[in-house]
Each structure stands twice: as C-alpha cells, then as structure tokens.
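Numbered according to this note's numbering, the sequence shown spans residues 265 to 484.
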Amino acid sequence: MDRPVNIKPPPLIDYAPPKGPVEVVHADEALLVVVKPTGLLSVPGKDWPDCLEARLRAEYPEALTVHRLDMDTSGLMVFARTPATQRHLGLQFERRQVAKTYLARVEGCVAGQAGFVALPLIADWPNRPLQKVCWTHGKPAHTDWRVLERGADTLLELRPRTGRSHQLRVHCREMGHPILGDRFYGGPPAARLMLHAAELRLRHPEGGRWMRFASPAPFA
265 MDRPVNIKPP PLIDYAPPKG PVEVVHADEA LLVVVKPTGL LSVPGKDWPD
315 CLEARLRAEY PEALTVHRLD MDTSGLMVFA RTPATQRHLG LQFERRQVAK
365 TYLARVEGCV AGQAGFVALP LIADWPNRPL QKVCWTHGKP AHTDWRVLER
415 GADTLLELRP RTGRSHQLRV HCREMGHPIL GDRFYGGPPA ARLMLHAAEL
465 RLRHPEGGRW MRFASPAPFA
C-alpha cells in the first residue's frame, strides 16, 4: 500500500544560495572533502548553474562529483580529483561501505533512546521532488537513530544504511517527528532545514586506509 507523506504540493523554490568561498576540510592528490552550506545545490539545476560543484571547480577544475546532498541539507561532501578515484569512491557508496552520520533537530520529544526506521521509498511522481513510502514498488530504506539531546525539540543522530532521496526527511516524518524547517514534509518553521551531514568515514582510494572527516552542525 502506498503511503503519501505530503499533504499539499511542494512549495515553489526561490533559489538564493549563500555567498562565500567553499570550506575545504581536506585536500590531497586523490580527493577533496568540503562542507556544503544549506541552500546551495550540489550540482547544477536546470535553470540554476550556481552550485557547490561549480564553485569548487573554480579552484579545483578537475573536481568530479561522487555523491550529493539535498539543497536544504548542509554538511560534508567528498569529490574526486581523478576519474579512477571517482570510480573507487563511487563503488564504496554503491556497496554501502561509506559510513555517514547526520545530525537533525526534530519536532517534539522522541520516545526511547535509540531505534531504527525501515520503510521502502519511491518517488511521488505527481509531486516531485517529494518521496513517499510504498510497500509495493518502493526501494528498501533503513535509518538507525539515537537521541542526543531533549528539550523543546529533540536532537537526533541519524545513520542511514541506504542512500535514498529524502530518506532521512521522510523517515523522521514517518516517526511522527519531522525535521525542523522541512518545508517538504511538514516540519515546523525554522531558519533552515535542521539537517547536517556531520561525519563521513571511507577508505582512501590510494592504499585503502580508513579516513574520518567531521563537521559540527551549526544548530547542534
């Protein structure tokens, strides 16, 4: 049975990305790790050429995209500096060997200290770019969560085992605790979407050593 997660069409987007240089947290001959600000596309849109990829290529023309974050999500992204590195990192993401940790502030007080959400997702085609739960045709999506802090809202640590579009946003909504500032899935109004890619762990394409990168969430 399909379970739509939206109650109205997605809002129109007024694209006004933040200004400023790209924050580079790591650079070597094979890869770059940078912090994407909220409000900036990862790659060019149909009518919006300004994006993280374009800004990064102004300084590193060889930079190649490996994965993406939603426009409203901030945090760590890795770029390759050679086609061989792009293939290597791409396979790590495809095989779910990259460990990703996000921080999110969600509405209300989440019961329990930890748990998981396993709900299959599919594109909600009449309302793109929204996604919805679909037990018939949806792709498996699994998110582990842990409470870090409770107050007027709850700060969650989210560890996705899969990488579906809008996975964390939909799973938090299905928990009954939408992310603050989530204009797509019913989150309470906030200055921004309170979702940040805070940590990445991956193997370096040259030598295979494990590497960990971290970026503090501005709302944590």
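In this text, a Cβ means the ideal position worked out from N, Cα and C, and glycines have one as well.
{"query": "Endpoints, the alpha helix (DSSP H) within which A318 is located", "result": "316-323"}
{"query": "Beta-bridge pairing of H406 - partner residues as DSSP gives them", "result": "A382"}
{"query": "F343, DSSP secondary structure in three states", "result": "strand"}
{"query": "Proximity below 8 Å, CB of T426 to CB of P404", "result": "yes"}
{"query": "Meets three-Cβ-pair contact criterion under 8 Å: the segment 282-300 and the segment 465-484", "result": "yes"}
{"query": "Where I277 falls: helix, strand or coil (DSSP)", "result": "coil"}
{"query": "Bridge partner(s) assigned by DSSP for F477", "result": "L464"}
{"query": "Chain-order list of residues whose beta-carbon lies under 6 Å from that of H401 (same chain, five-residue window excluded)", "result": "I386"}
{"query": "Own chain partners of C436 with C-beta closer than 7 Å, once the 5 adjacent residues on each side are dropped", "result": "A368, V370, P442, I443"}
{"query": "Secondary structure of T400, DSSP reduced to three states", "result": "coil"}
{"query": "Reduced DSSP secondary structure (H/G/I, E/B, other) of H441", "result": "coil"}
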